[in-house]
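In my numbering, the protein residues as written are 17 to 382.
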Amino acid sequence: MGIGQELSVVNVTKYYGTFKALEDIRLICRPGEFVSILGSSGSGKTTLLKVIAGFERCSDGKILLNGTDVAAVPCFKRNIGMLFQNYALFPHLTVAQNIAYPLKLRKVPKAEISSRVSKMIAMIKLTGLEDRFPRQLSGGQQQRVALARAIVYNPPLLLLDEPLGALDKNLRHDMQFEIKRITHELGMTTISVTHDQEEAFSMSDKICIISAGRVQQFDTPEHIYEKPANRFVAEFMGTTNIVPLKNAVYEKDGGQCRISGDSELTGGKCQLQVASDGIRESEKEPFFALRPEAIHLLTEGMQSKGNIFEAEITENIYLGQYVKCKAKAGTLVLNITLDVGEFRQLEGKRRVRFTFDPTDTAILYE
Numbered sequence: 017m018g019i020g021q022e023l024s025v026v027n028v029t030k031y032y033g034t035f036k037a038l039e040d041i042r043l044i045c046r047p048g049e050f051v052s053i054l055g056s057s058g059s060g061k062t063t064l065l066k067v068i069a070g071f072e073r074c075s076d077g078k079i080l081l082n083g084t085d086v087a088a089v090p091c092f093k094r095n096i097g098m099l100f101q102n103y104a105l106f107p108h109l110t111v112a113q114n115i116a117y118p119l120k121l122r123k124v125p126k127a128e129i130s131s132r133v134s135k136m137i138a139m140i141k142l143t144g145l146e147d148r149f150p151r152q153l154s155g156g157q158q159q160r161v162a163l164a165r166a167i168v169y170n171p172p173l174l175l176l177d178e179p180l181g182a183l184d185k186n187l188r189h190d191m192q193f194e195i196k197r198i199t200h201e202l203g204m205t206t207i208s209v210t211h212d213q214e215e216a217f218s219m220s221d222k223i224c225i226i227s228a229g230r231v232q233q234f235d236t237p238e239h240i241y242e243k244p245a246n247r248f249v250a251e252f253m254g255t256t257n258i259v260p261l262k263n264a265v266y267e268k269d270g271g272q273c274r275i276s277g278d279s280e281l282t283g284g285k286c287q288l289q290v291a292s293d294g295i296r297e298s299e300k301e302p303f304f305a306l307r308p309e310a311i312h313l314l315t316e317g318m319q320s321k322g323n324i325f326e327a328e329i330t331e332n333i334y335l336g337q338y339v340k341c342k343a344k345a346g347t348l349v350l351n352i353t354l355d356v357g358e359f360r361q362l363e364g365k366r367r368v369r370f371t372f373d374p375t376d377t378a379i380l381y382e
């Protein structure tokens with residue numbers, strides 16, 4: 017059984033004077049889950065992390081750790097692990113001494129300290145480097161030591177503040193797997209603040225997207241990418257095409273809803289199929305999100321996926337396994353991603369037909 021506990025943020029609001037930095041934040045992190053808080057600069061993500069940690073007091077709401085409200089508890093009494101972007105290692109202490117420091121503060125017996133530190137060094141794969149000082153370590157090794165120091169005392173919750181921001185791209189990629197491995201191995205509830213979408217996707221069980229101090233969507237990476245809650249999320253999470261739909265007609269069938277309407281993209285009727293949740297049948301002019309990789313070249317003899325449109329390819333960039341294209345359909349400028357095999361079938365043609373599946377879309381109202 018893991019050491020992680022459930023974190024519930026209940027209707028949390030934070031004011032700085034008259035400025036509302038957080039508004040009615042609600043989210044639940046189950047024991048052992050890895051949750052990323054994702055947002056642009058000034059979105060409120062770091063403020064939320066500070067409120068959870070206890071560095072800032074919330075103006076309203078509750079912070080429940082395993083059912084106990086800790087909103088009024090000082091940060092040093094919350095027993096929460098924290099990993100900062102700059103690591104904050106003590107330069108005059110060795111690897112082993114840095115990791116042992118939180119245990120000494122808690123007056124853990126020496127024999128137990130030695131045992132825990134040895135196990136932690138083995139877990140972070142730094143055996144043999146116990147007596148080195150931070151200056152003698154690489155950036156990735158320093159970060160592992162900082163992570164070990166943050167979790168050696170088995171905190172119920174680990175908070176990460178842009179944990180990989182100081183590393184180069186290749187090392188950052190390796191550390192994504194290491195942090196995920198270690199936290200999952202311990203069953204530790206982890207909250208990570210980041211602005212890096214790839215990092216959030218690769219490490220998280222769930223992602224919380226924040227903008228202007230409000231939660232825009234809190235869901236699994238797959239749902240956030242494939243079924244964004246609103247236009248902000250659709251455009252924020254990777255490249256997408258936002259297409260207007262006119263004269264929308266809704267037909268619900270259990271948990272699914274078929275939507276038909278007129279679109280400039282298809283030059284007439286367009287068919288969508290989405291989950292019934294959140295459907296607003298009174299909205300006759302919604303938008304829909306269509307990811308670049310959901311658009312496929314319609315070749316001779318190929319069966320249509322449900323919607324067909326013609327577009328002129330204006331630009332293309334070869335990226336090895338796939339080709340990114342810009343295409344124009346009427347006044348719409350589209351992003352289309354084709355695999356190399358599809359792209360080679362164009363044979364120099366600039367105006368071609370494409371198709372997309374009605375289920376590979378998401379309906380948007382704002």
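The beta-carbon is built from N, C-alpha and C at its ideal position, and this holds for glycine as well.
DSSP-derived helix/strand/coil call for residue i
i      : result
Tyr338 : strand
Ser154 : coil
Arg148 : coil
Asn82  : coil
Tyr31  : strand
Asp373 : coil
Ser24  : strand
Ser276 : strand
Arg411 : With the chain covering only 17 through 382, there is no way to say anything about residue 411.
Glu316 : coil
Gly284 : strand
Met17  : Because the pLDDT at Met17 is just 48, under 50, the model does not fix this residue reliably, and the value given afterwards should be weighed accordingly. Met17: coil per DSSP, three-state reduction.
Lys196 : helix
Arg132 : helix
Gly293 : The residue you asked about is not Gly; residue 293 is Asp in the sequence shown. Coil, per DSSP.
Glu301 : coil
Val168 : coil
Ser187 : According to the sequence shown, residue 187 is Leu rather than Ser. In the structure shown, Leu187 sits in a helix (DSSP, three-state: H, G or I).
Sub-9 Å separation of residue i and residue j beta-carbons
i      : j      : result
Ser279 : Cys286 : yes
Ala470 : Gly97  : Residue 470 lies beyond the range of the chain shown here (17 to 382); nothing can be said about it.
Gln289 : Thr375 : yes
Phe234 : Ile225 : yes
Gly48  : Thr205 : yes
Asn114 : Ala69  : no
Ile198 : Pro179 : no
Phe252 : Ser56  : yes
Ile79  : Ser134 : no
Val349 : Gln337 : no
Lys300 : Ala264 : yes
Val86  : Lys30  : no
Gln213 : Gly254 : yes
Gly317 : Asp373 : no
Residue i burial status per 10 Å Cβ neighbour count (16 or more: buried)
i      : result
Tyr32  : exposed
Ser208 : buried
Met17  : Model confidence at Met17 stands at a pLDDT of 48, short of 50, so the residue's coordinates are unreliable; what they give is reported in the following sentence. Per the 10 Å Cβ criterion, exposed.
Ser272 : Looking at the sequence shown, residue 272 is not Ser but Gln. Classification for Gln272: exposed.
Asn27  : exposed
Thr371 : buried
Asp177 : buried
Arg132 : buried
Phe325 : buried
Ile333 : exposed
Ser52  : buried
Pro125 : exposed
Gly277 : buried
Arg367 : exposed
Tyr241 : buried
Ala245 : buried
His312 : buried
Cutoff 9 Å: residue i Cβ touching any chain D Cβ
i      : result
Lys321 : Looking at the structure shown, chain D is missing, and only one protein chain is on hand.
Task: the segment 229-239 contacting the segment 255-264, beta-carbon criterion three pairs below 8 Å - done: Touching, no.
Open item on the list: When you compare the segment 155-162 with the segment 103-112, are there three or more beta-carbon pairs, one atom per stretch, that lie closer than 8 Å?
Closed with: yes
- [ ] Write down every uninterrupted run of the beta strand (DSSP E) in the segment 61-121 whose length is 3 residues or greater and which is fully enclosed by it, in chain order.
- [x] 76-81, 97-99
Task: Every unbroken alpha helix (DSSP H) inside the segment 198-267 [4 residues or more] - done: 213-219, 237-242, 247-252
Task: Inter-stretch contact at 8 Å, needing at least 3 Cβ pairs: the segment 323-331 / the segment 359-375 - done: yes
Task: At least 3 beta-carbon pairs within less than 8 Å: the segment 168-175 vs the segment 19-28 - done: Verdict: yes, contact present.
Open item on the list: Taking 8 Å as the cut-off, does the segment 61-75 touch the segment 139-153 (at least 3 CB pairs, one atom from each stretch)?
Closed with: The segment 139-153 and the segment 61-75 do not touch, with fewer than 3 CB-CB distances between them shorter than 8 Å.
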